[in-house]
Amino acid sequence: MIQRFRFGTPIETGAVMAKPQIFEAAFSELELLEDGFSTLLEQGEIVYGLGETVRGINKRGWLYESYCADEPEHREDKHALYGAHNFLLLSGKKGGPGREKPIGFFFDTPGRVMFDIGYSESERLRISFEDFSLELYVIKGDSLEQIVKEFRALIGRSYIPPRWAFGYGQCRWSYPTSDVVREVVKQHKEAGFPIDSLYLDIDYMERYKDFTISEQSFGDFDRLVAEMKQQKIHLVPIIDAGVKIEAGYDVYEEGKEKGYFCKDEDGEDFVVGVWPGKCHFPDMLNKDARAWFGRKYHRLLDKGIDGFWNDMNEPAIFYSEKNLKQIFARLEEFKKQNLDVKTFFEMTGLVAGASNNLEDHTSFYHHYSEISEEYSENKIRHDKVHNLFGYYMTKAAAEAFEELCPEKRILLFSRASYIGMHRYGGIWQGDNMSWWSHLLLNIKMMPSLNMCGFLYTGADLGGFGADVTEELLIRFLSFGIFTPLMRNHSALGTRRQELYLFDKQKEMLGILKMRYRLLPYLYSEYMKAALRGTMMFRPLGFVYEEDEIAREVEDQLLLGEEIMIAPVHEQNRTGRTVYIPERMKLLRFRDGELYGEEILEKGYVYIRMPLGDICIFVREGHKFPLAVFGKGKDCVCNTEEIDYQDLELLGFGEHLEAYEYYMDDGETKEYSLERYIRQL
Ligand code: MIG
């Protein structure tokens with residue numbers, strides 16, 4: 007059951023599909039404060055939710071903030087990452103003194119929200135708003151899953167990518183020329199690695215101008231796309247949020263002429279510095295600007311491109327022209343001074359503080375077409391709607407695709423997001439590091455994101471910043487084979503992490519092979535989760551609600567109804583302790599082949615997992631499908647070569663439930679649970 011309450015004068019966000027009637031009875035689920043809400047948390051009560059954030063699956067014990075941030079340091083002392091996902095799910099201990107049943111809350115507002123989850127007071131949850139205006143949805147149900155399902159029905163069906171987007175993708179900031187792209191693909195093929203996509207980072211553009219192609223480095227772009235297509239490789243270019251200010255650049259000229267850019271106080275186009283130098287932000291909240299920006303993607307679609315990633319759309323700001331002027335003026339003063347401890351750090355802080363400066367957010371404005379009826383004008387200051395920018399940039403692209411190629415699925419994912427955007431695209435988990443702790447973070451984020459509707463997601467495998475090691479890369483891949491987005495990406499200046507550059511290629515190949523064998527299952531699970539509004543990845547506490555140990559396990563996940571995974575996420579380990587929440591069968595794979603089976607009883611058990619082994623734990627009474635690569639081939643090269651019909655089934659138990667296998671054409675939008683599910 008969903009109850010809707012309204013506080014203040016909420017700004018529309020476009021998160022929910024249809025708003026239920028406002029609930030008339032007095033609001034009593036949370037205590038009302040001047041600037042938000044509060045409630046006591048009982049001992050052992052779990053707080054799930056918040057999607058893309060730092061720390062655990064259980065969000066208790068920290069202060070989180072919903073304010074989309076260009077945050078390259080995903081450390082546990084941070085409060086916000088790129089997304090704003092204001093959904094919480096409280097799960098008390100069965101038979102505990104507090105709330106008898108689980109309860110969900112969606113705080114729908116586009117501005118800043120603070121979630122103090124047992125930080126200031128360990129037994130208290132406090133949610134406060136910079137602007138206490140919101141639509142609040144309270145969701146009650148008997149189980150966590152039921153609540154998630156109702157919430158997901160409220161916010162609408164998750165984005166569905168083309169099936170090829172479940173293949174392995176390789177990225178690097180940057181592959182600087184089309185010949186380098188060719189070479190990277192060639193190397194993968196020669197080493198026998200299956201691969202479906204190659205990502206283009208900012209250097210394919212001419213001076214970082216959106217929707218242009220560098221004549222110098224990618225002059226043969228059309229030929230490149232054609233060649234890649236022949237090899238079944240999809241090229242996926244990046245699109246940035248800022249449009250370069252440059253006379254004669256048509257996107258700039260048009261946007262300026264039509265008034266489609268965000269404005270400063272005086273109504274002038276607001277100037278920010280990002281990659282290309284000085285830029286304007288297209289006003290993604292203005293529907294005409296959005297339609298205009300979205301249609302620009304056709305330039306690349308026309309060239310045969312069928313996937314995009316939207317970056318820097320929190321939006322990230324290196325500096326604003328206005329602030330930079332002030333900084334330079336202050337530096338002139340510093341120049342004349344004898345800098346002491348105070349003034350020296352003031353000076354360095356001044357420059358370092360230029361990026362993503364919050365003052366800049368209060369210096370520009372949107373013309374928000376759908377702001378809500380209560381507002382007499384459409385003009386709104388950016389900070390009030392900050393969390394919608396990336397969402398509406400992605401919506402711009404998705405709506406244009408709907409118009410330009412309505413039949414075809416286009417791959418689309420974004421860095422910034424808000425709930426609602428999950429209908430238009432996926433997200434990648436941003437600039438993580440080649441750190442072991444970030445592999446663990448990746449694991450923990452999956453179910454939290456799934457609750458909020460984000461199903462198509464994954465982290466930069468191997469880690470984006472810092473230097474990877476072979477071992478970390480292998481462990482990242484060993485988990486990454488289960489995530490819908492499986493992309494290896496790394497930053498400029500870090501160690502290269504293309505798989506063919508390492509010694510243990512045999513292990514890596516075996517892991518990738520396993521990904522492709524799992525594809526029918528992963529795709530089927532994805533589609534069912536999208537079409538039914540369920541989660542592909544669940545924390546153990548969702549299923550074993552009464553098992554106190556299971557409720558605390560955060561480095562193992564359930565995938566679908568059938569299997570559990572327990573990745574190694576620490577260095578120099580040849581195995582790990584796994585909590586088995588019910589009798590299960592361990593299946594051990596190497597080189598993509600099953601080579602060991604073991605029945606495990608409930609409880610803790612140490613499992614050997616040497617590099618290259620993939621361990622899958624099957625729940626009793628269940629089975630799941632794997633692709634078979636026969637006909638003289640011990641591996642496939644891409645998602646197209648997989649036989650999605652002739653499958654091997656692996657299960658555990660005497661009486662096996664039929665597996666509901668969903669399989670459609672993977673390209674068009676004719677999804678249908680009735681038509682495409684078969685019982686295996
Ligand atoms: O701040 O385009 O998260 O994936 O490689 C760097 C360069 C800008 C940030 C993205 C990252 C991408 C990088 N971009």
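Each residue of the sequence shown is one higher than the one before, starting from 7 at the first, in my numbering. Backbone N, C-alpha and C fix where the C-beta goes; we use that ideal spot for every residue, glycine too. Predicted model only: the values in this text are computed from it and were never measured.
From residue i to residue j, what does the alpha carbon distance come to, in whole angstroms?
i: Ile52; j: Val154; result: 15 Å
i: Met246; j: Ile311; result: A small correction: the amino acid at residue 246 is Asp; Met does not occupy that position in the sequence shown. Cα-Cα distance, rounded: 16 Å.
i: Arg681; j: Gly566; result: 20 Å
i: His194; j: Lys215; result: 30 Å
i: Gly162; j: Ala402; result: 18 Å
i: Tyr527; j: Glu376; result: 40 Å
i: Phe11; j: Pro116; result: 16 Å
i: Trp442; j: Ala360; result: 31 Å
i: Gly313; j: Leu418; result: 6 Å
i: Arg61; j: Tyr529; result: 28 Å
i: Val634; j: Arg596; result: 15 Å
i: Ile133; j: Asp185; result: 52 Å
i: Gly198; j: Leu593; result: 25 Å
i: Ala90; j: Leu291; result: 17 Å
i: Glu58; j: Asn393; result: 13 Å
i: Asp83; j: Trp68; result: 9 Å
i: Lys390; j: Pro587; result: 45 Å
With DSSP run on the structure shown, which of helix, strand or coil describes residue i?
i: Val474; result: coil
i: Gln435; result: coil
i: Gly104; result: coil
i: Gln9; result: strand
i: Gln4; result: Lying outside 7 to 686, the shown extent of the chain, residue 4 is not represented and no answer is given.
i: Val277; result: coil
Considering just the uninterrupted stretch of the alpha helix (DSSP H) at residue i, what are its terminal residues?
i: Trp170; result: Premise fails: Trp170 is in no alpha helix (DSSP H) and is neither H nor E.
i: Lys235; result: 227-236
i: Thr400; result: 395-410
i: Pro243; result: Pro243 -> not in any alpha helix (DSSP H); beta strand (DSSP E) instead, spanning 240-246.
i: Phe334; result: 327-341
i: Pro453; result: 442-457
i: Phe224; result: 221-224
i: Thr354; result: 347-358
i: Ile161; result: 150-161
Who are the Cβ neighbours of residue i in its own chain at under 7 Å, not counting the five residues just before and after it?
i: Glu663; result: Gly627, His628
i: Glu513; result: Ile480, Leu617, Gly618
i: Lys309; result: Phe227, Asp228, Val231
i: Arg158; result: Gly459, Gly539
i: Val190; result: Gln176, Tyr181, Leu204, Glu504
i: Leu692; result: Here the chain has residues from 7 to 686 only, and residue 692 is not among them.
i: Met451; result: Glu58, Gln435
i: Asn6; result: Since the displayed the chain opens at 7 and closes at 686, residue 6 lies outside it and no answer follows.
To which residues of the same chain is residue i closer than 6 Å at the C-beta, ignoring the five residues directly before and after it?
i: Ser203; result: Gly175, His240, Val242
i: Phe340; result: Met353
i: Val687; result: Coverage of the chain is limited to positions 7 through 686, which leaves residue 687 absent and any answer about it impossible.
i: Lys534; result: Tyr668
i: Lys65; result: Val53, Leu56, Ile123
i: Arg523; result: Gly598, Leu632, Ala633
i: Phe324; result: Gly279, Val280, Ser361
i: Ala465; result: Gln435, Asn438, Asn448
In the DSSP assignment, find the unbroken beta strand (DSSP E) run with residue i in it and report its ends.
i: Ala535; result: From DSSP, Ala535 is part of no beta strand (DSSP E) but of the alpha helix (DSSP H) over 511-538.
i: Arg501; result: Unbroken run through Arg501: none, as it is neither H nor E.
i: Ser72; result: 68-72
i: Leu564; result: 563-565
i: Glu212; result: Segment: none, Glu212 is in no beta strand (DSSP E) and carries neither H nor E.
i: Leu685; result: Reading off the sequence, residue 685 comes out as Gln, not Leu. Residues 683-685.
i: Ile208; result: Here Ile208 belongs to no beta strand (DSSP E), and DSSP marks it neither H nor E.
i: Trp315; result: 313-317
i: His286; result: 283-286
i: Ser134; result: 130-135
i: Thr583; result: 581-586
i: Asp114; result: 109-114
i: Ala633; result: 628-633
Among the residues of its own chain, which have a CB less than 8 Å from the CB of residue i, if the five just before and after it don't count?
i: Met590; result: Met570, Ile605, Leu606, Phe623, Val624, Arg625, Glu626, Phe658
i: Lys25; result: Arg10, Glu141
i: Leu491; result: Ala171, Gly175, Phe419, Gly432, Trp434, Tyr462, Thr463, Gly464
i: Glu476; result: Phe508, Asp509, Lys510
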